[in-house]
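Everything in the sequence shown is counted per numbering that gives the first Met the number 0, starting at 0 for the first residue and increasing by one.
For each residue, glycine too, the CB sits at the ideal point set by N, CA and C.
Report on the structure given below.
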Amino acid sequence: MKKQLPDTGIIVPGHEATVTNKGGYHFEGAFSTIVPGTPIMDDEGTLRGVTKPRYMVYVHSYGGEALFFEALVRDHKLLATRCENSKCPGHGMMYLPYRSHCPDCGLKMTPIDMTELAYNEAKVYTFVVTERSGAYNTLAKPIRFIDIEFPGIITFLKSYMILGEPSIGLRVVPVFRTDPTFTIEDLAWVPEGTKPEELPEGWTFSALPSDDEDPANAYEGVPDKELVRMANEGDLEARQEIFFRDCNE
Ligand SMILES: [Zn+2]
Numbered sequence: 000m001k002k003q004l005p006d007t008g009i010i011v012p013g014h015e016a017t018v019t020n021k022g023g024y025h026f027e028g029a030f031s032t033i034v035p036g037t038p039i040m041d042d043e044g045t046l047r048g049v050t051k052p053r054y055m056v057y058v059h060s061y062g063g064e065a066l067f068f069e070a071l072v073r074d075h076k077l078l079a080t081r082c083e084n085s086k087c088p089g090h091g092m093m094y095l096p097y098r099s100h101c102p103d104c105g106l107k108m109t110p111i112d113m114t115e116l117a118y119n120e121a122k123v124y125t126f127v128v129t130e131r132s133g134a135y136n137t138l139a140k141p142i143r144f145i146d147i148e149f150p151g152i153i154t155f156l157k158s159y160m161i162l163g164e165p166s167i168g169l170r171v172v173p174v175f176r177t178d179p180t181f182t183i184e185d186l187a188w189v190p191e192g193t194k195p196e197e198l199p200e201g202w203t204f205s206a207l208p209s210d211d212e213d214p215a216n217a218y219e220g221v222p223d224k225e226l227v228r229m230a231n232e233g234d235l236e237a238r239q240e241i242f243f244r245d246c247n248e
């Protein structure tokens, strides 16, 4: 008799793990758990092996990209970054996916709120619809993966559509999960013109800022101007201070 292999998606009660940050990171609970395995028999009932399930809690630090996820989850905003270093060959370049530091000069970049631009101008650059997924997939199939292009941004954002069918050049707008997972899956896209009542449960549009609110001022984390000036002039200590400030935040 063949034995059923255990479902790798099961939750092991009593083996929760938590990480708190009070004067340094503290890890509590079970981060690696061994649970009893299941014998593997052949058709004649002869023992051929055993399953050895191990449950691991993977800790993913967001580091300098934490601001992006915080804005996504808390404020339903989409942040990009821009290099403000006038001596950098990539000066003025904007990046989405969010990257904290410039790939050309290594200095910390400035967060820019792209939410309104996304609602007005984001388009599908290319797409793929897949019926199959890798391990641990949590998205409903078929998954409609899209690469999104924004004017002025030199990178493509990869995401997925939860309504409608993708096509090249399709205007899409972002939607945000109301019960967040604190991952990039909290961001998805729907065709422009989708009405709020058409959204699946658990998803919302962003509440866009009013005209008198300057979205550029809404986020901290921009390096001190004097520090940036010194770094631009080649001051190694200033460059290091900007570079390492993420590690201390
Ligand atoms: Zn730069």
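Around the beta carbon of K21, a 10 Å sphere encloses fewer than 16 other beta carbons of the protein chains shown; the residue is thus reported as exposed.
Between L138 and Y124 a beta carbon distance of about 20 Å is seen, past the 8 Å cut, so the two are scored as non-contacting.
Partner residues in the beta bridge of T203, as assigned by DSSP, are F175. In this structure, ligand 1 has no non-hydrogen atom nearer than 6 Å to the beta-carbon of D234.
Assignment of alpha helix (DSSP H) within the region 94-140, counting only whole runs of 4 or more residues, yields 114-120 in chain order. Secondary structure note for A187: its beta strand (DSSP E) is the uninterrupted segment 186-190.
Where A65 is concerned, there is no enclosing beta strand (DSSP E), although the alpha helix (DSSP H) around it starts and stops at 65-69. For T109, the closest C-alpha among the options H90, D185, E130, S60 is that of H90. Per DSSP, N20 is one residue of the beta strand (DSSP E) stretching across 16-20. Rounded to the nearest whole angstrom, the C-alpha separation of R143 and I161 is 8 Å. In the structure shown, the three-state DSSP call for M92 is coil. Contact check for P173 against L66 fails: the beta carbons are separated by 7 Å or more. Note on E83: 16 or more other CB atoms within 10 angstroms of its CB, so buried under the neighbour-count rule. At least one heavy atom of ligand 1 falls within 6 Å of the beta-carbon of D103.
Distances from the alpha-carbon of F149 to those of P179, A70, A187, L116 put L116 closest. Annotation for A79: the continuous beta strand (DSSP E) segment containing it runs 78-81. Under the three-pair Cβ rule at 8 Å, the region 170-188 counts as touching the region 200-209.
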